[in-house]
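In numbering that gives the first Met the number 0, the protein residues as written are 0 to 280. A virtual CB, placed ideally from N, CA and C, is assigned to each residue, including glycine.
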Amino acid sequence: MPELPEVETVRRSLEPIVVGRTIIDLDVGSFASVLGTISFDHARAALVGRRLTGIRRRGKFLLIDLDDESGIEVHLRMTGQLEVADRGAPPLRFQHLAILLNNGLDLRFADQRKFGRVIIHDGDPALALKSKLGPEPLETDFTSSYFQGVLRGRTAAIKSLLLDQRLVAGIGNIYADEALFLARIHPQRPGGSLAAVEVDALVSAMRDVLGSAIDQRGTTFRSYRDGTGQAGENQHRLNVYGRGRRGEPCFRCGTPLAYLVIGQRTSHFCPECQPLEIESR
DNA sequence: ACACTGCCCTGCGAGC
DNA sequence: TGCTCGCAGGGCAGTG
Numbered sequence: 000m001p002e003l004p005e006v007e008t009v010r011r012s013l014e015p016i017v018v019g020r021t022i023i024d025l026d027v028g029s030f031a032s033v034l035g036t037i038s039f040d041h042a043r044a045a046l047v048g049r050r051l052t053g054i055r056r057r058g059k060f061l062l063i064d065l066d067d068e069s070g071i072e073v074h075l076r077m078t079g080q081l082e083v084a085d086r087g088a089p090p091l092r093f094q095h096l097a098i099l100l101n102n103g104l105d106l107r108f109a110d111q112r113k114f115g116r117v118i119i120h121d122g123d124p125a126l127a128l129k130s131k132l133g134p135e136p137l138e139t140d141f142t143s144s145y146f147q148g149v150l151r152g153r154t155a156a157i158k159s160l161l162l163d164q165r166l167v168a169g170i171g172n173i174y175a176d177e178a179l180f181l182a183r184i185h186p187q188r189p190g191g192s193l194a195a196v197e198v199d200a201l202v203s204a205m206r207d208v209l210g211s212a213i214d215q216r217g218t219t220f221r222s223y224r225d226g227t228g229q230a231g232e233n234q235h236r237l238n239v240y241g242r243g244r245r246g247e248p249c250f251r252c253g254t255p256l257a258y259l260v261i262g263q264r265t266s267h268f269c270p271e272c273q274p275l276e277i278e279s280r
């Protein structure tokens, strides 16, 4: 499940290989809606001959900039993969699109569950995302006071608010659970009930879990790979995600971890380290 | 504006 | 062993 650290790892691994290359053709598989509503012919007309000038990340979106000020937006959703391979190499399993480059390499998009998309924009793809995405949690404009303002008066569970991309961009289920554990905050606490010190701890925990996950080149459970097909290592560093369902012990206190479904997402936490009642803290 | 639900999609692991 | 069933969940549309 690619979240900010995984998407950033894909970006970093692709950047030196694809930037500066020119698109010579496209190859689409049977799943035409990977391109959204535009036709394959339209996509080919828009992309062939374009040079890739950069690759950026915004939240969980990858943005490929082209030399005519247009761009491509890629979202991997749950099981998407974006990988570079030699033209002669066999296609990826579940491959839906290949962008053929002038250096003998193909940029390939695969997705087992067909949730991911490759969207071609006439202009800067970042503009389309501007209204949908909050600040980047690793940038300096994501401050504790900003987040405190965002949470003020909110009654929804903090876990759900962390997943709202309009409030902060790039957090998914794994890193939301990990950050709440580090900050010792129960996932069901109403967002507006967090004290200033708790928001401080949460903001700092988000930075910690995301930063170290990038250092580990992402979390690989099953399908996630970087742009060269390499798995990440962060799955060995997780404190709670996936462990609550199995009732495994908390690494901090030994209490069996628990899980709850919040906003239709499984939330793993330590009932001892992350109490729901503020009075008992 | 906010909170919440249902939808998309399919391989895989659990259970029988 | 072979089968069925439900889980995994990001973003978006739709409802109240």
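Excluding five sequence positions before and after GLY58, the CB atoms of its chain that fall closer than 6 Å to its own CB belong to LEU132, GLN164, ALA168, GLY169, given in chain order. DSSP places VAL198 in the helix class (H, G or I) of the three-state scheme.
A Cβ-Cβ separation of about 15 Å leaves HIS41 out of contact with GLU72 under the 8 Å criterion. With a 10 Å radius around the Cβ and a threshold of 16 neighbouring Cβ atoms, ASN101 comes out exposed.
Of the candidates VAL239, ARG56, LEU51, LEU81, the residue whose Cα lies closest to the Cα of SER69 is LEU51. Within the segment 153-226, the complete alpha helix (DSSP H) segments at least 4 residues long are 157-161, 172-181, 195-214, listed from N- to C-terminus.
Around the Cβ of PHE60, a 10 Å sphere holds 16 or more other Cβ atoms; the residue is buried. For CYS272, the CB contacts under 8 Å within the same chain, skipping 5 residues up- and downstream, are PHE180, ARG183, CYS249, ARG251, CYS252, THR254 in chain order. Secondary structure of TYR240 (DSSP, three-state): coil. Judged by DSSP secondary structure, ALA88 falls outside any beta strand (DSSP E); it is assigned neither H nor E. One alpha carbon belongs to LEU96, the other to GLU276, and they sit about 50 Å apart. For GLU82, the three-state secondary structure derived from DSSP is strand. In this structure, GLU5 keeps its C-beta atom at 8 Å or more from the C-beta atom of GLY262. Scanning its chain for C-beta atoms nearer than 7 Å, with the 5 sequence neighbours on each side dropped, one finds around LEU137 the residues ARG206, LEU209, GLY210, in chain order. A direct Cα-to-Cα measurement between LEU62 and ARG244 gives close to 35 Å. Excluding its 5 nearest sequence neighbours in each direction, ILE37 has C-beta neighbours in its own chain below 7 Å: ILE119, listed in chain order. Between ASP24 and LEU81, the gap from beta carbon to beta carbon reaches 8 Å or more.
Restricting attention to alpha helix (DSSP H) runs no shorter than 4 residues, the segment 99-138 encloses them at 124-128, ordered along the chain. Taken through DSSP and simplified to helix, strand or coil, PHE39 comes out as helix. The count of Cβ pairs closer than 8 Å, one atom from the segment 219-236 and one from the segment 189-199, stays below three, leaving the stretches out of contact. DSSP places PRO248 in the strand class (E or B) of the three-state scheme.
Between the alpha carbons of SER203 and PHE141 lies a gap of roughly 10 Å.
Contact annotation: ARG49 and ILE22 have beta-carbon atoms nearer than 8 Å.
Measuring C-alpha to C-alpha distances from MET77 to each of ALA257, HIS235, HIS267, ILE173 identifies ILE173 as the nearest.
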